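Asker: This is the structure I want to talk about, given as structure tokens.
Numbering (full-length UniProt numbering), first residue to last: 1 to 159.
And the structure:
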């Protein structure tokens with residue numbers, strides 16, 4: 001039971017951790033690593049921004065490792081929760097939204113809301129002035145837009 005509680009708590013908490021880090025770290029003092037995500041280089045598929053995945057992968061790995069070795073269920077669950085969030089983030093961000101990896105396509109009202117919120121985030125290419133810093137929980141306004149307005153906004157997106 002501890003494992004599942006820890007897993008679900010960490011998976012859920014990662015949305016707010018990711019929002020905070022995106023807003024205050026990636027668009028703050030580590031903008032130099034995040035900038036090439038807003039202005040992607042044409043000559044390479046890998047971005048400096050991809051290094052942020054290591055920031056979460058390393059502690060997740062050690063939480064799983066030590067949780068397993070020392071049979072600490074909540075630590076192992078936490079590591080798997082952060083890892084699961086990272087996998088979902090990768091699928092939504094890299095496969096569904098930016099199409100950097102074209103494994104499959106997804107659609108539907110929730111996916112379109114996420115996609116549009118993220119594209120609006122990318123309309124600002126500089127360090128300041130962006131909004132919609134989360135990933136899996138887009139602002140509710142994207143669910144309440146009339147279909148015609150949603151289509152217009154999707155058509156006019158920059159990225």
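Virtual Cβ for every residue (Gly too), placed ideally from N, Cα, C.
These numbers were taken from a predicted model, which means no experiment stands behind them.
Whole alpha helix (DSSP H) runs in the UniProt domain "Fatty acid hydroxylase" (7-137) with 4 or more residues, listed along the chain?
Answerer: 31-38, 52-69, 73-90 and 109-122
Asker: Which same chain residues end up closer than 6 Å to residue 133 when comparing Cβ atoms and leaving out the 5 residues on each side of it in sequence?
Answerer: Taking the chain shown and counting its residues from 1, the one referred to as residue 133 is at position 133. Same-chain partners within the cutoff: 19, 22 and 23.
Asker: Excluding the five sequence neighbours on either side, which residues of its own chain have a C-beta within less than 8 Å of the C-beta of residue 128, listed in chain order?
Answerer: Translated into the one-based positions of the chain shown, residue 128 becomes position 128. So the list reads 27, once near-sequence residues are dropped.
Asker: With the cut-off set at 8 Å, would you say residue 10 and residue 81 are in Cβ contact?
Answerer: Mapped onto the chain shown, residue 10 falls at position 10. Mapped onto the chain shown, residue 81 falls at position 81. Yes, the Cβ-Cβ distance between residue 10 and residue 81 is below 8 Å.
Asker: What are the boundary residues of the alpha helix (DSSP H) that residue 143 is part of?
Answerer: Position 143 of the chain shown, counting from 1, holds the residue named residue 143. First-last of the alpha helix (DSSP H) with residue 143: 141-144.
Asker: How would you label residue 1, buried or exposed, when you count the other beta carbons within 10 angstroms and need 16 or more for buried?
Answerer: As a working note, residue 1 is residue 1 in the chain shown. Exposed, since its Cβ has fewer than 16 Cβ neighbours within 10 Å.
Asker: Closest to residue 33 by C-alpha separation, out of 53, 14 and 16, would be which residue?
Answerer: Taking the first residue of the chain shown as 1, we reach residue 33 at position 33. When only C-alpha atoms are compared, the closest one is 53.
Asker: Leaving out the 5 sequence neighbours to the left and right, which residues in its chain are closer than 6 Å to residue 120 when beta-carbon positions are compared?
Answerer: The sequence position of residue 120 within the chain shown is 120, counting from 1. Contacts found: 132.
Asker: To which residues of the same chain is residue 36 closer than 7 Å at the C-beta, ignoring the five residues directly before and after it?
Answerer: The count along the chain shown starts at 1 and reaches residue 36 at position 36. The answer, listed in chain order, is 47, 48 and 49.
Asker: Taking the alpha-carbon positions, what's the residue 45 to residue 100 distance?
Answerer: Residue numbering aside, residue 45 sits at position 45 when the chain shown is read from its first letter. Residue numbering aside, residue 100 sits at position 100 when the chain shown is read from its first letter. Going by the C-alpha atoms only, they are around 8 Å apart.
Asker: Alpha carbon to alpha carbon, how far is residue 72 from residue 144?
Answerer: Along the chain shown, one-based indexing puts residue 72 at 72. Along the chain shown, one-based indexing puts residue 144 at 144. Whole-angstrom Cα-Cα distance: 44 Å.
Asker: What separation, rounded to the nearest whole angstrom, lies between the Cα atoms of residue 60 and residue 78?
Answerer: The count along the chain shown starts at 1 and reaches residue 60 at position 60. The count along the chain shown starts at 1 and reaches residue 78 at position 78. The straight-line gap from Cα to Cα measures roughly 8 Å.
Asker: Does the Cβ of residue 116 have 16 or more other Cβ atoms within 10 Å, making it buried, or fewer, making it exposed?
Answerer: In the chain shown, counting from the first residue as 1, residue 116 sits at position 116. Residue 116 is buried by the Cβ-count criterion.
Asker: Would you say residue 48 touches the ligand HEM, meaning its beta carbon is less than 7 Å from a heavy atom?
Answerer: Here there are no bound small molecules, and the ligand HEM is not part of this structure.
Asker: Return yes when the Cβ of residue 130 is within less than 8 Å of the Cβ of residue 74, no when it is not.
Answerer: Here residue 74 refers to the residue found at position 74 of the chain shown. Here residue 130 refers to the residue found at position 130 of the chain shown. No, Cβ-Cβ distance for residue 74 and residue 130 is not below 8 Å.
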